[in-house]
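First the structure, in the form of structure tokens, and then the observations on it.
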Amino acid sequence: MDDFLAARSQMAMSLGFHIIFSCVGMVMPFLMAFSHYKYLTTKDEVYKGLTKAWSKGVAILFATGAVSGTMLSFELGLLWPKFMEHAGPIFGMPFSLEGTAFFIEAIAIGFFLYGWEKFNKWFHWFCGVVVGVSGLASGILVVAANAWMNSPAGFDYIDGKYLNIDPIKAMFNEAWFPQAFHMTVAAFAATGFAVAGIHALMVLKKQNVNFHTKAFRISAGFAIIGALLAPISGDVAAKSVAERQPIKLAAMEAHFETEKGASFVIGGIPDEENEQIKYAIKVPKVLSFLAWGDFDAEVKGLKDFPKDHWPPVAVVHYAFQIMIFFGSVMMLIGFIYLIATFWKKEWLTKSWYLKMFVAAIPFGYIALEAGWTVTEVGRQPWIIYGIMKTIDAVTPMPGIQYSFYFFTLIFISLSLIIIFLLLRQLKMVPKLYDPTDPNYNPKNKK
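In terms of the UniProt record's numbering, the sequence shown opens at residue 1 and continues consecutively.
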């Protein structure tokens, strides 16, 4: 493994882990706040226990997200010094604001965790809402910085120099809203399905059924909102990519020839050497419509671009197909959920219905990781699209592969610790969080 590959692998691994931690941090506080609201309005003690259980999960994942985010900020400077030298002054504002949002979130979490029976009940609830809003803001601000890499703005690039810097324009670049919208929707779908699936599994095991049923219904509701909004946010993102990064769109679809009325490709094996895709199902004219809103619009193929500017076509295409597949499955589950909720209420207690959500536990995060792969790998060979190549930004320091191995070990350790802590939280539901359970200990009410 050479240093360039090691540096890219380390960033990919770090982002792959951190994106899960950050998405949970963006969504779980809203589930927690909704459960708390249900407790305040119904006086049902089960909702209070559920809120406390989820708040402990939020605290655990907030801590690990803080660790992984800090590591990433150091990695940007250590692995890509040339990039940070030029890009730092331009897109530093969203990172600074993200830091502010992070500190607000930290304060609000402290208030919420230790504010039971100490604050006004609605102020206490509001603290939980602040945790969610600030966590969501943190995620959006980081995505805005990444969007700038895909759509550089807020400066003039003249004779290799970055002049006339405008941080506001850089932050609100053309890609920030499509990426932030799609990322937020994906986070709600992924986290909602993961949480709903875990509680559905507990219901199937007949453990604290009332407690886990309430948790399942709240988290499934958030999951379905995300799943049904995903096609809309995906369409916004795809049209943005078609306009700004036509080569990425071509790689997503393994679309080699420029044509009008371009077909949408399902499946297939890209053959970069012979510049074709094999064994694919092609739906005529749909790609043109999805990209430009016109069935006869022209879509540029990869052959229109220099081959040394192509991203790894197979990786981008397969990742895009994986994202579309799991996104479609979650959308289908969303429709089944709506049918069950409004027309076929008997389905709600069927084992097949709950097993469907259990099977879907990883679907959102698989789609999320695949979508992130499309975004990042599809931008290659550029670290700043059209301005700076990734290979020109890497550190000259040797031995980066050892850093990669070390950071990988840290992230695996973090993940194992999280799994252990969350499993322990589940096991403690009868004793600490479900007041209807005979093993519940009243001494733990506070």
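Glycine included, each C-beta is placed from N, C-alpha and C at the ideal position.
Values in this document were obtained by computation on a predicted structure and should not be read as measured data.
Who are the near neighbours of ALA170 in its chain, counting only those whose CB is closer than 6 Å to its CB and skipping five residues on each side? If the five residues before and after ALA170 are omitted, its C-beta is found closer than 6 Å to the C-beta atoms of ILE90, PHE91, TRP148, ALA153 and GLY154, all from its own chain and listed in chain order.
Check whether the region 353–372 and the region 12–21 are in contact - that is, three or more C-beta pairs closer than 8 Å. Yes, the region 353–372 touches the region 12–21.
Using 8 Å as the threshold, is the C-beta distance between PHE404 and ALA6 below it? Result yes, Cβ atoms of PHE404 and ALA6 sit closer than 8 Å.
Please look up how many angstroms separate the CB atoms of GLY57 and GLN425, rounded, as I've assumed it's under 8 Å. Correct: roughly 6 Å between the Cβ atoms.
Answer with buried or exposed for TYR433, where buried requires no fewer than 16 other C-beta atoms within 10 angstroms of its C-beta. Around the beta carbon of TYR433, 16 or more other beta carbons lie within 10 angstroms, which makes this residue buried.
Cβ neighbours of ALA144 in the same chain (closer than 7 Å, five flanking residues each side left out): Counting only Cβ-Cβ distances below 7 Å, and skipping sequence neighbours, we find PRO94, MET171, TRP176 and ALA180.
Look up LYS282 in the DSSP assignment and say whether it is helix, strand or coil. Secondary structure of LYS282 (DSSP, three-state): strand.
Rounded to the nearest angstrom, what separates TRP382 and LYS389 at their Cα positions? Using only the alpha carbons, I get a separation of about 4 Å.
Tell me whether GLY226 is buried or exposed, calling it buried when 16 or more other Cβ atoms sit within 10 Å of its Cβ. Answer is buried; the Cβ neighbour count reaches 16.
Pop quiz: PHE112 and SER55 are said to be a contact at Cβ under 8 Å. What is the actual Cβ separation, rounded to whole angstroms? Indeed they touch by this definition, with Cβ atoms about 6 Å apart.
For ILE60, which option in MET28, ASP44, GLY77 and ALA33 has the closest C-alpha, if you only look at C-alpha atoms? The shortest C-alpha separation from ILE60 is found at MET28.
Where PRO430 and ALA291 are concerned, what is the direct C-alpha to C-alpha distance, given to the nearest angstrom? Going from the Cα of PRO430 to the Cα of ALA291 covers about 52 Å.
Around the C-beta of PHE83, are 16 or more other C-beta atoms found within 10 angstroms, so that it is buried, or is it exposed? By the neighbour-count rule (16 or more Cβ atoms within 10 Å), PHE83 is buried.
Neighbourhood of VAL130 by C-beta distance below 6 Å, restricted to the same chain and skipping five residues each side: ALA108.
Neighbourhood of ASN439 by C-beta distance below 6 Å, restricted to the same chain and skipping five residues each side: Cβ neighbours of ASN439 beyond the five flanking positions: PRO430 and LYS431.
LYS299 versus MET331: straight-line alpha-carbon distance, rounded: In the sequence as displayed, the identity of residue 299 is Val instead of Lys. Using only the alpha carbons, I get a separation of about 27 Å.
Neighbourhood of ILE218 by C-beta distance below 7 Å, restricted to the same chain and skipping five residues each side: Excluding sequence neighbours, ILE218 sits near LEU31, PHE34 and SER35.
Would you say the beta carbon of LEU332 comes nearer than 7 Å to a heavy atom of the ligand FMN? For the ligand FMN, the structure offers nothing, since it holds no ligand at all.
Note down, in chain order, each residue of its chain lying with its Cβ closer than 7 Å to the Cβ of GLY334, except the 5 sequence neighbours on either side. Cβ neighbours of GLY334 within its own chain (closer than 7 Å, five residues either side excluded): ILE224, ALA227 and LEU228.
Using 8 Å as the Cβ pair cut-off and three pairs as the minimum, do the region 202–211 and the region 309–325 touch? The count of Cβ pairs closer than 8 Å, one atom from the region 202–211 and one from the region 309–325, stays below three, leaving the stretches out of contact.
For LYS260, which of helix, strand or coil comes out of DSSP? It is a strand residue.
Please list, in chain order, all residues of the same chain as VAL185 whose beta carbon is under 6 Å from its beta carbon, the five residues on each side excluded. For VAL185, where only same-chain residues beyond five positions count, the Cβ hits under 6 Å are GLY226, LEU229, ALA230 and SER233.
If you draw a straight line from the C-alpha of THR373 to the C-alpha of ALA190, how long is it? Spanning the two alpha carbons is a distance of roughly 16 Å.
Please return the same chain residues whose Cβ sits closer than 7 Å to the Cβ of GLY25, not counting the five positions on each side in sequence. The beta carbon of GLY25 sits closer than 7 Å to those of LEU61, PHE62, GLY65 and GLY135, all from its chain and outside the five residues before and after it, given in chain order.
By Cβ distance, which residues of its chain are closer than 8 Å to PHE407, with the 5 residues on each side in sequence left out? The answer, listed in chain order, is GLN10, MET13, SER14, MET71 and GLU75.
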